[in-house]
Amino acid sequence: MKTTHNIRTVEVVQYIKPLREGGSLPAIVKADDGYVYVLKFRGAGQGKKALIAELLGGEIARAIGLKVPELVFMNLDDSFSKTEPDEEIQDLLKFSVGLNLGLHFLTSAITFDPLVTTIDGLLASKVVLLDSLLSNIDRTAKNTNLLQWNNELWIIDNGASFYFHHNWETWRNHLTRTFPLIKDHVLLAQATHLPEASAQIKALLTKEKLTEIVALIPNDWLLNESDTMSPNEIRAAYMEYLEAKLAMIDSLVKEAEDAR
1 MKTTHNIRTV EVVQYIKPLR EGGSLPAIVK ADDGYVYVLK FRGAGQGKKA
51 LIAELLGGEI ARAIGLKVPE LVFMNLDDSF SKTEPDEEIQ DLLKFSVGLN
101 LGLHFLTSAI TFDPLVTTID GLLASKVVLL DSLLSNIDRT AKNTNLLQWN
151 NELWIIDNGA SFYFHHNWET WRNHLTRTFP LIKDHVLLAQ ATHLPEASAQ
201 IKALLTKEKL TEIVALIPND WLLNESDTMS PNEIRAAYME YLEAKLAMID
251 SLVKEAEDAR
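UniProt numbering puts the sequence shown at residues 1 to 260.
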């Protein structure tokens with residue numbers, strides 16, 4: 001049976017604590033489904049665009065067979081800011097009323113350490129190529145954005161991907177660019193099966209699958225005062241970008257192999 005991609009929507013019922021190690025001050029919260037999530041706020045520094053990158057990056061990673069905590073849309077009402085004593089958090093909650101993004105909280109997960117843990121070469125290659133495709137500048141030894149949970153590698157924090165979308169005036173310039181920053185990728189040394197990973201990614205990321213994922217972006221997140229493009233035009237731009245990157249995946253493989 002064919003299944004349509006779907007993201008659940010939940011209500012935030014309890015603000016538990018901020019995660020101060022994250023630059024954008026995400027928080028641990030509880031939702032009305034009884035589960036605990038890491039909440040990424042629309043009112044944080046990079047705003048709704050970071051949520052879009054998180055959503056697209058996470059679901060593309062999942063589509064190519066990588067482990068990603070469940071992503072949910074999280075409704076935040078204005079009651080939380082009224083009872084929060086910390087002014088910085090109070091402002092963040094106030095500016096984030098509405099639809100935000102949550103990642104299922106993996107209890108007792110630990111940060112991936114490349115010096116301690118060796119990853120399967122094909123798995124490492126998939127993560128490296130994922131980040132090349134997404135232009136993800138934030139998966140380095142300094143900040144791995146990877147977790148070890150139940151002896152498996154989990155992908156988190158894709159919010160620094162698609163950095164071209166912070167300036168729609170020049171986004172087309174990025175369509176033909178490779179990703180030289182892959183030289184700093186935390187898993188590059190372990191990425192020993194790049195051609196095989198590339199073949200799997202091409203087979204899994206069909207136009208239909210990408211269209212399905214891009215369609216998940218809420219209209220509300222595509223409305224920014226500074227943007228001159230309509231939500232549909234922006235969705236089409238993400239599609240064009242992803243298809244362009246997939247079309248040049250052989251160049252991305254060579255770039256990563258040369259960097260290794």
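All C-beta atoms in this analysis are idealised placements derived from N, C-alpha and C, irrespective of residue type, glycine included.
Exposure of residue i, with buried meaning 16 or more beta-carbon neighbours within 10 Å
i           : result
Ile110      : exposed
Ser226      : exposed
Pro69       : buried
residue 273 : In this structure the chain extends from 1 to 260, so residue 273 is not present and cannot be described.
Asn232      : exposed
Asp138      : buried
Ile52       : buried
Ala197      : buried
Leu153      : buried
Straight-line Cα distance separating residue j from residue i
i           : j      : result
Thr9        : Asp78  : 17 Å
Leu124      : Trp171 : The identity of residue 124 in the sequence shown is Ala, whereas the question assumes Leu. Those two C-alpha atoms are separated by around 28 Å.
Asp157      : Lys202 : 23 Å
Gly34       : Val13  : 9 Å
residue 265 : Lys254 : With the chain running from 1 to 260 in the structure shown, residue 265 is simply not present.
Phe41       : Asn219 : 16 Å
Leu56       : His165 : 13 Å
Ser108      : Met229 : 42 Å
Ala63       : Ala237 : 20 Å
Lys17       : Arg235 : 34 Å
Gln200      : Leu223 : 34 Å
Asp250      : Glu212 : 24 Å
Val128      : Thr83  : 43 Å
Lys2        : Lys209 : Unreliable placement is indicated for Lys2, whose pLDDT of 37 sits below 50; no coordinate value is reported for it.
Glu240      : Thr206 : 13 Å
Phe179      : Leu252 : 7 Å
Met248      : Leu99  : 34 Å
Lys126      : Thr117 : 17 Å
Ala44       : Lys67  : 26 Å
For residue i, three-class secondary structure by DSSP
i      : result
Thr118 : coil
Gly47  : helix
Phe164 : helix
Met74  : strand
Thr68  : The sequence given here has Val at residue 68, not Thr. Coil, per DSSP.
Val38  : strand
Pro26  : coil
His174 : helix
Lys2   : Any reading at Lys2 needs caution, since the residue's pLDDT is 37, under 50, leaving its predicted position unreliable; the model's value is listed next. Coil.
Asn224 : coil
Gly57  : helix
Leu129 : helix
Ala31  : strand
Thr211 : helix
Leu106 : coil
Leu99  : strand
Ala259 : helix
N- and C-terminal bounds of the alpha helix (DSSP H) containing residue i
i      : result
Lys82  : Ser79 to Thr83
Leu187 : No alpha helix (DSSP H) contains Leu187, which DSSP labels as neither H nor E.
Ile234 : Pro231 to Ala247
Lys202 : Leu194 to Leu204
First and last residue of the uninterrupted beta strand (DSSP E) at residue i
i           : result
Glu11       : Thr9 to Pro18
Asn136      : Run containing Asn136: none; DSSP gives neither H nor E here.
Ile155      : Glu152 to Ile155
residue 281 : The requested residue 281 is not part of the displayed model; the chain covers only 1 to 260.
Taking one C-beta from the segment 135-148 and one from the segment 100-118 each time, how about it: are there three or more such pairs within less than 8 Å?
-> yes
Cβ pair count under 8 Å reaching 3, the segment 187-201 against the segment 161-177 = no
Contact the segment 26-40 vs the segment 124-137: 3+ CB pairs below 8 Å | no
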